[in-house]
């Protein structure tokens with residue numbers, strides 16, 4: 023299953039790398055709006071995770087990290103818009119020179135391709151990690167903690 027997901031994410035990386043800054047920013051803003059429009063559903067799914075965590079005796083500090091509120095979801099949307107407002111780093115030339123044979127050598131920012139990220143049960147990280155990878159033209163394979171399963175499913 024992981025190999026299959028990895029192959030799909032790798033294939034997607036080629037498409038993501040080709041997106042224009044305008045397309046990436048537009049998508050991030052649409053995602054922010056979708057979070058706001060689906061706040062109630064996100065909270066319902068998150069409540070399932072919170073209830074399960076409490077049943078398993080997870081500490082209140084960890085439960086608080088897991089919990090999504092309308093304000094936290096709004097903050098996630100703000101974060102998406104802030105990432106959209108950042109300059110697109112892809113294609114920026116950091117430095118360059120022409121060697122003695124006339125060959126131009128450039129240090130240029132390009133996407134990595136595919137990023138894998140493992141994180142604990144903090145569903146807001148799902149959106150944060152995705153937005154930063156997407157903005158930089160990378161696809162991402164996310165593995166959140168099992169405590170946030172329902173939250174992560176509804177967020178992706």
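In my numbering, the protein residues as written are 23 to 178. Beta carbons are placed, not taken as given, at the ideal position from N, Cα and C, and that holds for glycine.
Tell me whether residue i sits in a helix, a strand or coil according to DSSP, three-state version.
{"i": "residue 161", "result": "strand"}
{"i": "residue 127", "result": "strand"}
{"i": "residue 91", "result": "coil"}
{"i": "residue 79", "result": "coil"}
{"i": "residue 147", "result": "helix"}
{"i": "residue 137", "result": "strand"}
{"i": "residue 132", "result": "coil"}
{"i": "residue 62", "result": "helix"}
{"i": "residue 108", "result": "coil"}
{"i": "residue 142", "result": "coil"}
{"i": "residue 101", "result": "helix"}
In terms of residue numbering, what span does the beta strand (DSSP E) encompassing residue i cover?
{"i": "residue 118", "result": "115-120"}
At which residues does the alpha helix (DSSP H) containing residue i begin and terminate?
{"i": "residue 28", "result": "24-39"}
{"i": "residue 175", "result": "171-177"}
{"i": "residue 47", "result": "43-59"}
Within this structure, are the beta carbons of residue i and residue j separated by less than 8 Å?
{"i": "residue 84", "j": "residue 57", "result": "no"}
{"i": "residue 153", "j": "residue 100", "result": "no"}
{"i": "residue 156", "j": "residue 50", "result": "yes"}
{"i": "residue 151", "j": "residue 71", "result": "no"}
{"i": "residue 34", "j": "residue 102", "result": "no"}
{"i": "residue 46", "j": "residue 136", "result": "no"}
{"i": "residue 68", "j": "residue 173", "result": "yes"}
{"i": "residue 127", "j": "residue 95", "result": "no"}
{"i": "residue 177", "j": "residue 149", "result": "yes"}
Tell me which same chain residues have a C-beta within less than 6 Å of the C-beta of residue i, skipping the five on either side of it?
{"i": "residue 165", "result": "140"}
{"i": "residue 43", "result": "110"}
{"i": "residue 116", "result": "129"}
Leaving out the 5 sequence neighbours to the left and right, which residues in its chain are closer than 7 Å to residue i when beta-carbon positions are compared?
{"i": "residue 80", "result": "169"}
{"i": "residue 76", "result": "85"}
Cutting at 8 Å between CB atoms, please list the residues of its own chain near residue i, excluding the five before and the five after it.
{"i": "residue 92", "result": "61, 65"}
Any contact of the segment 33-51 with the segment 159-167, i.e. 3+ C-beta pairs under 8 Å? yes
Sufficient close CB pairs (3 or more, under 8 Å) joining the segment 137-152 to the segment 88-101: yes
Validate contact between the segment 103-113 and the segment 123-133 using beta carbons, cut 8 Å, 3 pairs: yes
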